[in-house]
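Respectively, the protein sequence lines represent chains A and B. Be aware that the first sequence starts at 2, since it is given in my numbering, and climbs by one per residue. Be aware that the second sequence starts at 603, since it is given in my numbering, and climbs by one per residue. Idealized CB from N, CA, C, for every residue including glycine. Given the structure is predicted, the values throughout are model-derived calculations rather than measurements. What follows is a single structure, written as structure tokens, with notes after it.
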Amino acid sequence: MPDTDELAAGFEAEFERTIAADQRIEPRDWMPDAYRRTLIRQIAQHAHSEIIGMQPEGNWILRAPSLRRKAILLAKVQDEAGHGMYLYAAAETLGVDREELTEKLIDSKQKYSSIFNYPTLSYADIGVIGWLVDGAAICNQVPLCRCSYGPYARAMIRICKEESFHQRQGYELLLAMVNGTEAQRAMVQESVDRWWWPSLMMFGPPDADSPNTQQSMAWGIKRHTNDELRQRFVDMTVPQAAALGVTLPDPDLRWNPERQAHDYGEPDWEEFKAVLAGSGPTNAQRLAHRRRAHENGAWVREAAQAYADKQAARSRKEAAA
Amino acid sequence: MSGHHTDVEEHDATNAYQSLSQTTAVDDPRWAFGTGVEDVQAEITSPVPDGVDPADLAAYCLMLGDDALICSHRISEWVSNAPELEEEVALANTALDLLGQARVLLARAGHVEGLGSTAGSAGSAGRGRDEDALAYLRTESQFRNVALAELGDELDFARAIARLLIFSTWRLALLHRLLGSRDPVIAAVAGKGVKELTYHRDYAARWTLRLGDGTDESHRRMQAALDAIWPYVEELFRTSDEERRLVEAGVAVDPAQTRAEVDAVLDEVLAKATLTRPQRPAIGTIGGRGGRQGLHTEQLGHVLAEMQSLARQHPGATW
């Protein structure tokens with residue numbers, strides 16, 4: 002019988018072979034602790050982002066300016082709750098539970114996407130979040146459909162399909178607004194001015210400052226670097242901005258025929274770090290809101306548990322009788 | 603895992619990128635977002651049934667539509683505030699269903715009122731207000747919903763469940779009887795709505811059981827919620843003049859006739875949940891008038907102030 006070291010070496014070799022062959026790791030497969038930890042952190046962060054992201058959009062549901070827009074926004078925010086559910090379920094396959102992850106979120110021990118630490122100040126923000134923020138999220142997420150961890154990859158396939166609807170709806174709202182009144186056009190431009198740079202920051206720090214990228218790429222969790230994805234997003238967005246007739250607020254933005262790509266300016270990485278560190282415009286508000294909802298719901302969850310326990314005891318009693 | 607599987611996923615992934623690059627609005631049915639409005643759009647312009655006063659029909663569509671719209675608004679207040687993610691999804695879904703019903707009913711009301719004063723002369727071209735004009739540009743006294751729909755719950759889940767249990771039990775009883783309405787739009791809304799309300803009632807009833815028969819605290823809260831809401835139940839069974847005339851014409855249902863069914867369902871749920879049916883006097887009316895006549899609680903003004911603010915800031919805008 003082989004000793005434990007030999008067994009571990011065998012498992013590790015199998016893991017490496019699976020990754021190298023671009024196949025999927027499944028929950029019962031052996032995996033290195035660091036791989037498991039990285040995935041839990043990333044999936045939880047992604048799930049938290051879906052849930053926190055309901056707040057800035059939820060801010061406008063009650064005031065949506067037409068019933069059709071209200072239905073679209075309500076459905077979108079409902080999808081986000083659903084995405085949070087799939088993602089927490091994917092994280093649970095790695096041996097953590099939703100309650101524990103929620104506690105970590107409200108205790109600031111795990112993060113969520115910094116983009117949701119910006120406020121939604123006009124209805125144009127609903128369109129711009131769909132167009133730019135969901136657009137950037139999709140650029141980040143499409144490669145995750147090929148992530149080496151099976152449950153995460155499968156959750157992402159479903160999520161990406163719904164996200165692309167969201168992105169198109171956002172764009173369609175902006176199209177309606179720029180074809181509307183002067184005030185609506187101004188509202189769209191003002192919103193783009195506020196969201197453009199934070200959207201670029203969604204891809205994370207420049208590659209030179211991204212310490213985890215290489216390991217995540219080696220493990221097949223990540224497929225492209227931050228700068229590659231950011232470039233793809235910029236190139237995709239420029240013609241869409243032109244079609245809308247809005248100006249992207251970057252004087253350095255121009256087509257570079259040699260690179261066959263757009264050159265663009267540097268986001269304010271000091272602002273990025275500050276928001277990440279907790280001092281963005283709405284960090285405290287978002288967390289306080291999430292904490293309040295969770296704590297206000299505690300008695301409801303306890304009641305559901307108590308009722309389920311009573312029901313189980315009743316059916317045991319009936320079975321015994 | 604086979605290479606073939608990976609190819610399929612890669613193909614999907616590529617599609618997601620392609621859709622990102624589209625700059626034109628694509629006419630996708632998903633954009634209606636399951637509200638079902640597009641399904642019945644064609645019927646909204648159906649002729650008013652013979653012998654029916656268009657003004658009565660418009661008022662009745664507003665009653666049913668405003669109940670759904672205002673209740674949907676109250677439920678939407680729960681977005682990002684629910685006790686669990688499953689409840690986020692279920693409550694948003696319920697709000698969406700009611701919003702979908704409201705949109706069709708308001709559109710029908712607008713169409714029919716346009717025919718009212720001009721019957722014979724302007725004909726079908728005399729179309730009245732659209733769903734948004736009715737939702738966003740009417741004042742409190744022009745809303746016809748019952749008070750129950752507009753009651754706030756201050757994010758107390760027990761109050762939200764008590765309101766939904768009573769509202770959905772009553773509305774389901776109404777819609778069951780409206781399946782055979784002579785107005786094709788009302789009949790169509792009832793057809794779709796019966797399935798939706800069956801789910802809403804089931805959801806509310808299951809939570810009533812959990813809260814009533816859960817912990818001491820949840821029992822106390824659920825009973826308090828029922829006690830607080832009970833004075834608003836009586837209004838649900840009061841018959842307005844428009845309803846009385848439309849019952850004769852085979853278009854409306856007399857809400858008084860739903861009372862026995864609603865009572866039976868509520869009694870059964872409350873008994874199973876170990877809760878007591880409250881004995882509370884009904885809230886008073888003003889000269890016999892209530893929500894159906896445009897007289898509301900103080901709360902509706904605040905609901906409308908929020909709901910209508912942006913639309914009213916931008917007259918002439920299209921969204």
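Quick one: what does DSSP say residue i is sitting in, helix, strand or coil?
{"i": "residue 6 of chain A", "result": "helix"}
{"i": "residue 713 of chain B", "result": "helix"}
{"i": "residue 891 of chain B", "result": "strand"}
{"i": "residue 113 of chain A", "result": "coil"}
{"i": "residue 1 of chain A", "result": "Examination of residue 1 of chain A is not possible in this model, given that chain A is present from 2 through 322 alone."}
{"i": "residue 809 of chain B", "result": "helix"}
{"i": "residue 26 of chain A", "result": "strand"}
{"i": "residue 197 of chain A", "result": "helix"}
{"i": "residue 153 of chain A", "result": "helix"}
{"i": "residue 731 of chain B", "result": "coil"}
{"i": "residue 256 of chain A", "result": "strand"}
{"i": "residue 140 of chain A", "result": "helix"}
{"i": "residue 89 of chain A", "result": "helix"}
{"i": "residue 881 of chain B", "result": "coil"}
{"i": "residue 83 of chain A", "result": "helix"}
Alpha carbon to alpha carbon, what distance is there between residue j and residue i?
{"i": "residue 921 of chain B", "j": "residue 902 of chain B", "result": "25 Å"}
{"i": "residue 295 of chain A", "j": "residue 117 of chain A", "result": "18 Å"}
{"i": "residue 761 of chain B", "j": "residue 120 of chain A", "result": "30 Å"}
{"i": "residue 759 of chain B", "j": "residue 298 of chain A", "result": "8 Å"}
{"i": "residue 9 of chain A", "j": "residue 37 of chain A", "result": "16 Å"}
{"i": "residue 782 of chain B", "j": "residue 853 of chain B", "result": "8 Å"}
{"i": "residue 18 of chain A", "j": "residue 31 of chain A", "result": "12 Å"}
{"i": "residue 611 of chain B", "j": "residue 694 of chain B", "result": "The predicted model places residue 611 of chain B with a pLDDT of 38, which falls under 50 and marks its position as unreliable; any figure quoted below should be read in that light. The alpha-carbon atoms of residue 611 of chain B and residue 694 of chain B are separated by roughly 30 Å."}
{"i": "residue 213 of chain A", "j": "residue 801 of chain B", "result": "47 Å"}
{"i": "residue 184 of chain A", "j": "residue 79 of chain A", "result": "30 Å"}
{"i": "residue 312 of chain A", "j": "residue 797 of chain B", "result": "28 Å"}
{"i": "residue 109 of chain A", "j": "residue 275 of chain A", "result": "15 Å"}
{"i": "residue 655 of chain B", "j": "residue 851 of chain B", "result": "9 Å"}
{"i": "residue 723 of chain B", "j": "residue 646 of chain B", "result": "Residue placement at residue 723 of chain B cannot be trusted, given a pLDDT of 42 that sits under 50; what the coordinates show is reported in the next sentence. Taking the straight line from one Cα to the other gives about 20 Å."}
{"i": "residue 686 of chain B", "j": "residue 144 of chain A", "result": "30 Å"}
{"i": "residue 231 of chain A", "j": "residue 281 of chain A", "result": "22 Å"}
{"i": "residue 913 of chain B", "j": "residue 650 of chain B", "result": "30 Å"}
{"i": "residue 293 of chain A", "j": "residue 757 of chain B", "result": "11 Å"}
{"i": "residue 909 of chain B", "j": "residue 681 of chain B", "result": "15 Å"}
{"i": "residue 154 of chain A", "j": "residue 846 of chain B", "result": "59 Å"}
{"i": "residue 837 of chain B", "j": "residue 895 of chain B", "result": "12 Å"}
{"i": "residue 752 of chain B", "j": "residue 76 of chain A", "result": "22 Å"}
{"i": "residue 747 of chain B", "j": "residue 161 of chain A", "result": "40 Å"}
{"i": "residue 25 of chain A", "j": "residue 33 of chain A", "result": "14 Å"}
Grab me the residues of residue i's own chain with a C-beta within less than 6 Å of its C-beta, minus the 5 sequence neighbours each way, in chain order.
{"i": "residue 897 of chain B", "result": "888, 891"}
{"i": "residue 323 of chain A", "result": "What the structure shows of chain A is the stretch from 2 to 322, and residue 323 of chain A is not part of that stretch, so it cannot be assessed."}
{"i": "residue 844 of chain B", "result": "658, 661, 662"}
{"i": "residue 825 of chain B", "result": "877"}
{"i": "residue 764 of chain B", "result": "827, 828, 831"}
{"i": "residue 779 of chain B", "result": "855"}
{"i": "residue 128 of chain A", "result": "171, 174, 175"}
{"i": "residue 879 of chain B", "result": "872"}
{"i": "residue 670 of chain B", "result": "700, 703, 704"}
{"i": "residue 236 of chain A", "result": "262, 263"}
{"i": "residue 283 of chain A", "result": "118, 120"}
{"i": "residue 755 of chain B", "result": "761, 762"}
{"i": "residue 652 of chain B", "result": "none"}
Leaving aside the five residues before and after residue i along the sequence, list all residues of the same chain whose C-beta is less than 7 Å from its C-beta, in chain order.
{"i": "residue 563 of chain B", "result": "Residue 563 of chain B falls outside the range modelled here, since chain B spans only 603 to 921, and no answer is possible."}
{"i": "residue 41 of chain A", "result": "92, 95, 97"}
{"i": "residue 12 of chain A", "result": "31"}
{"i": "residue 714 of chain B", "result": "650, 656, 659, 660, 663"}
Please check if any C-beta of chain D sits within less than 9 Å of the C-beta of residue i.
{"i": "residue 66 of chain A", "result": "Although the question refers to chain D, the structure presented lacks it and instead comprises the protein chains A and B."}
Are there any heavy atoms of the ligand COA lying less than 8 Å away from the beta-carbon of residue i, as far as the coordinates show?
{"i": "residue 287 of chain A", "result": "The ligand COA is not part of this structure, which contains no ligands at all."}
Within the same chain, show all residues whose beta-carbon is closer than 8 Å to that of residue i, passing over the 5 residues directly before and after it, in chain order.
{"i": "residue 22 of chain A", "result": "none"}
{"i": "residue 813 of chain B", "result": "759, 760, 763, 820, 821, 823, 824, 875"}
contact_flag[the stretch 213-230 of chain A, the stretch 181-199 of chain A] where n(CB pairs < 8 Å) is 3 or more | The stretch 181-199 of chain A and the stretch 213-230 of chain A do not touch, with fewer than three beta-carbon pairs separated by less than 8 Å.
Counting Cβ pairs, one atom from each stretch, are 3 or more of them under 8 Å apart for the stretch 252-264 of chain A and the stretch 190-204 of chain A?
-> Flag = no, the stretch 252-264 of chain A and the stretch 190-204 of chain A do not touch.
For the stretch 825-874 of chain B, which segments carrying the alpha helix (DSSP H) assignment without a break, of at least 4 residues, lie completely within its bounds, in sequence order?
-> For the stretch 825-874 of chain B, whole alpha helix (DSSP H) runs of length 4 or above, ordered along the chain, are 843-850, 861-874.
Could you tell me whether the stretch 36-55 of chain A touches the stretch 80-99 of chain A, where touching means 3 or more Cβ pairs closer than 8 Å?
-> Contact check between the stretch 36-55 of chain A and the stretch 80-99 of chain A: three or more CB pairs, one atom from each, fall below 8 Å, which counts as touching.
Could you tell me whether the stretch 708-716 of chain B touches the stretch 731-738 of chain B, where touching means 3 or more Cβ pairs closer than 8 Å?
-> Cβ pair count under 8 Å is three or more, so yes.
Report the residue ranges of all alpha helix (DSSP H) runs contained in full by the stretch 258-293 of chain A; include only those spanning at least 4 residues, in chain order.
-> Those alpha helix (DSSP H) runs which fall completely within the stretch 258-293 of chain A and span 4+ residues are 270-275.
Are the stretch 264-284 of chain A and the stretch 199-211 of chain A touching, with three or more C-beta to C-beta distances below 8 Å?
-> Contact holds: three or more Cβ-Cβ distances are below 8 Å.
Meets three-Cβ-pair contact criterion under 8 Å: the stretch 100-109 of chain A and the stretch 153-172 of chain A = Taking 8 Å as the limit for Cβ pairs, the verdict is that the stretch 153-172 of chain A does not touch the stretch 100-109 of chain A.
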